[in-house]
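Every position in the sequence shown, counted from 1, becomes a number in my numbering once 19 is added. Glycine is no exception: its CB is placed at the ideal position from the N, C-alpha and C atoms. Here is the structure we will look at.
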Amino acid sequence: PEMRPDVKHYNMVLRTCQQSRKKTANAMSVAKDIYRRMRRVGVEPNGETYALLWTCIHYLLPRASPHRRALAQRFYDDALEWNPLLEEKEETLYNLYRRAMNLEMSDEDPLPVTRHDEDSGDEDAIENDKLVQD
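Written as C-alpha coordinates, this is what we have:
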(Lines of atoms letter the chains of each structure in order from A and count residues from 1; the text may use other names and numbers.)
(Lines give C-alpha, C1' and ligand atoms only; values in the text may rest on other atoms or scores of the structure.)
Protein backbone atom coordinates (compact mmCIF):
# COMPACT_ATOMS: atom_id res chain seq x y z
CA PRO A 1 0.00 0.00 0.00
CA GLU A 2 1.15 3.48 -0.87
CA MET A 3 1.62 5.88 2.02
CA ARG A 4 0.09 9.28 1.40
CA PRO A 5 0.79 12.34 3.53
CA ASP A 6 -2.07 13.56 5.68
CA VAL A 7 -2.70 16.89 7.37
CA LYS A 8 -0.30 16.02 10.22
CA HIS A 9 2.56 15.55 7.75
CA TYR A 10 1.86 18.82 5.97
CA ASN A 11 1.56 20.64 9.31
CA MET A 12 4.96 19.29 10.35
CA VAL A 13 6.54 21.02 7.35
CA LEU A 14 4.60 24.22 8.07
CA ARG A 15 5.75 24.08 11.69
CA THR A 16 9.35 23.83 10.50
CA CYS A 17 8.87 26.96 8.39
CA GLN A 18 7.24 28.79 11.29
CA GLN A 19 9.94 27.76 13.74
CA SER A 20 12.73 28.88 11.47
CA ARG A 21 11.84 32.47 12.38
CA LYS A 22 14.46 33.51 9.86
CA LYS A 23 13.12 36.29 7.70
CA THR A 24 13.88 34.72 4.37
CA ALA A 25 11.76 34.36 1.28
CA ASN A 26 12.46 30.65 1.23
CA ALA A 27 10.59 29.73 4.44
CA MET A 28 7.45 31.68 3.45
CA SER A 29 7.65 30.30 -0.08
CA VAL A 30 7.83 26.74 1.24
CA ALA A 31 4.87 27.36 3.55
CA LYS A 32 2.73 28.67 0.66
CA ASP A 33 3.79 25.82 -1.61
CA ILE A 34 2.97 23.21 1.03
CA TYR A 35 -0.46 24.74 1.58
CA ARG A 36 -1.20 24.82 -2.16
CA ARG A 37 0.01 21.24 -2.55
CA MET A 38 -2.11 19.92 0.30
CA ARG A 39 -5.20 21.60 -1.14
CA ARG A 40 -4.41 20.35 -4.65
CA VAL A 41 -4.14 16.70 -3.51
CA GLY A 42 -7.32 16.95 -1.44
CA VAL A 43 -5.89 17.06 2.08
CA GLU A 44 -8.15 19.24 4.22
CA PRO A 45 -6.37 21.88 6.30
CA ASN A 46 -7.32 22.10 9.97
CA GLY A 47 -7.07 24.74 12.67
CA GLU A 48 -3.40 24.00 13.25
CA THR A 49 -2.72 24.52 9.53
CA TYR A 50 -4.18 28.03 9.61
CA ALA A 51 -2.48 28.87 12.92
CA LEU A 52 0.88 27.88 11.44
CA LEU A 53 0.29 29.83 8.23
CA TRP A 54 -0.67 33.03 10.09
CA THR A 55 2.30 32.63 12.41
CA CYS A 56 4.57 32.24 9.36
CA ILE A 57 3.14 35.46 7.94
CA HIS A 58 3.68 37.24 11.25
CA TYR A 59 7.30 36.21 11.61
CA LEU A 60 8.45 35.86 8.00
CA LEU A 61 6.87 38.84 6.22
CA PRO A 62 7.69 42.39 7.25
CA ARG A 63 4.88 44.46 8.75
CA ALA A 64 5.16 46.96 5.89
CA SER A 65 4.79 44.30 3.21
CA PRO A 66 1.88 45.17 0.89
CA HIS A 67 1.28 41.46 0.39
CA ARG A 68 1.13 40.45 4.04
CA ARG A 69 -2.51 41.44 4.47
CA ALA A 70 -3.60 39.93 1.14
CA LEU A 71 -2.02 36.60 2.01
CA ALA A 72 -3.45 36.60 5.55
CA GLN A 73 -6.89 37.44 4.15
CA ARG A 74 -6.71 34.65 1.57
CA PHE A 75 -5.92 32.11 4.30
CA TYR A 76 -8.71 33.60 6.42
CA ASP A 77 -11.23 33.17 3.60
CA ASP A 78 -10.14 29.54 3.25
CA ALA A 79 -10.36 29.06 7.03
CA LEU A 80 -13.97 30.28 6.96
CA GLU A 81 -14.75 27.42 4.58
CA TRP A 82 -13.23 25.08 7.18
CA ASN A 83 -15.14 26.72 10.05
CA PRO A 84 -17.72 29.40 9.24
CA LEU A 85 -17.90 30.31 12.94
CA LEU A 86 -14.18 31.01 13.18
CA GLU A 87 -14.56 34.42 14.84
CA GLU A 88 -16.99 33.10 17.44
CA LYS A 89 -15.70 29.59 18.14
CA GLU A 90 -11.96 29.74 17.44
CA GLU A 91 -10.76 32.80 19.33
CA THR A 92 -7.09 31.75 19.30
CA LEU A 93 -7.11 31.27 15.54
CA TYR A 94 -8.96 34.51 14.99
CA ASN A 95 -6.37 36.35 17.09
CA LEU A 96 -3.56 34.82 15.02
CA TYR A 97 -5.27 36.06 11.87
CA ARG A 98 -5.62 39.56 13.35
CA ARG A 99 -1.95 39.55 14.29
CA ALA A 100 -0.93 38.50 10.78
CA MET A 101 -3.03 41.41 9.50
CA ASN A 102 -1.36 43.81 12.00
CA LEU A 103 -4.63 44.44 13.81
CA GLU A 104 -4.67 45.32 17.51
CA MET A 105 -2.15 42.82 18.87
CA SER A 106 1.36 44.01 19.59
CA ASP A 107 4.54 42.14 18.71
CA GLU A 108 5.14 41.60 22.42
CA ASP A 109 1.96 39.54 22.82
CA PRO A 110 2.99 35.89 22.85
CA LEU A 111 1.68 33.72 20.05
CA PRO A 112 -0.09 30.59 21.25
CA VAL A 113 1.23 27.32 19.91
CA THR A 114 -1.41 24.91 18.71
CA ARG A 115 -1.25 21.15 18.35
CA HIS A 116 -3.80 19.47 16.99
CA ASP A 117 -6.93 27.10 -4.90
CA GLU A 118 -7.61 30.08 -5.35
CA ASP A 119 -4.80 32.53 -6.25
CA SER A 120 -5.14 36.26 -5.72
CA GLY A 121 -2.89 37.03 -8.68
CA ASP A 122 -0.20 38.41 -6.38
CA GLU A 123 1.76 35.16 -6.09
CA ASP A 124 4.83 36.46 -7.92
CA ALA A 125 4.83 39.68 -5.95
CA ILE A 126 4.39 37.82 -2.68
CA GLU A 127 7.06 35.32 -3.68
CA ASN A 128 9.55 38.06 -4.46
CA ASP A 129 8.64 40.35 -1.57
CA LYS A 130 11.79 41.75 0.02
CA LEU A 131 12.02 40.45 3.57
CA VAL A 132 13.67 42.15 6.48
CA GLN A 133 16.91 40.49 7.59
CA ASP A 134 17.72 39.87 11.27
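Could you check where the alpha helix (DSSP H) with residue i kicks off and where it finishes?
{"i": "Gly61", "result": "No alpha helix (DSSP H) contains Gly61, which DSSP labels as neither H nor E."}
{"i": "Glu109", "result": "Where Glu109 is concerned, there is no enclosing alpha helix (DSSP H), given that its DSSP letter is neither H nor E."}
{"i": "His77", "result": "Gly66 to Leu79"}
{"i": "Glu100", "result": "Arg87 to Trp101"}
{"i": "Asn30", "result": "Val26 to Ser39"}
Compute the Euclidean distance between the alpha carbons of residue i and residue j, then round it to the nearest angstrom.
{"i": "Ser48", "j": "Pro20", "result": "31 Å"}
{"i": "Ser39", "j": "Ala50", "result": "11 Å"}
{"i": "Glu67", "j": "Arg88", "result": "20 Å"}
{"i": "Pro85", "j": "His77", "result": "13 Å"}
{"i": "Arg59", "j": "Leu33", "result": "16 Å"}
{"i": "Asn102", "j": "Phe94", "result": "12 Å"}
{"i": "His83", "j": "Cys36", "result": "For the record, residue 83 in the displayed sequence is Ala; it is not His. If you take the alpha carbons of Ala83 and Cys36, they lie about 20 Å apart."}
{"i": "Gly61", "j": "Lys27", "result": "14 Å"}
{"i": "Met120", "j": "Glu110", "result": "15 Å"}
{"i": "Arg23", "j": "Arg56", "result": "13 Å"}
{"i": "Glu106", "j": "Asp52", "result": "26 Å"}
Whole-angstrom Cβ separation of residue i and residue j, contact assumed at under 8 Å?
{"i": "Leu104", "j": "Tyr69", "result": "Not really, about 14 Å apart at Cβ, beyond 8 Å."}
{"i": "Leu80", "j": "Asn30", "result": "Actually they do not touch by this definition, with Cβ atoms about 20 Å apart."}
Shortest alpha-carbon distance to residue i belongs to which of the options?
{"i": "Gln92", "options": "Glu67, Arg118 and Thr35", "result": "Arg118"}
{"i": "Cys75", "options": "Met57, Arg82, Gly61 and Ala46", "result": "Ala46"}
{"i": "Leu90", "options": "Arg23, Tyr54 and Lys27", "result": "Tyr54"}
So, are the CB atoms of residue i and residue j less than 9 Å apart?
{"i": "Pro64", "j": "Asp97", "result": "yes"}
{"i": "Leu115", "j": "Trp73", "result": "yes"}
Let me check you understand the geometry: is the CB of residue i closer than 8 Å to at least one non-hydrogen atom of the ligand NAD?
{"i": "Tyr29", "result": "Although the ligand NAD was asked about, the structure shown includes no ligands whatsoever."}
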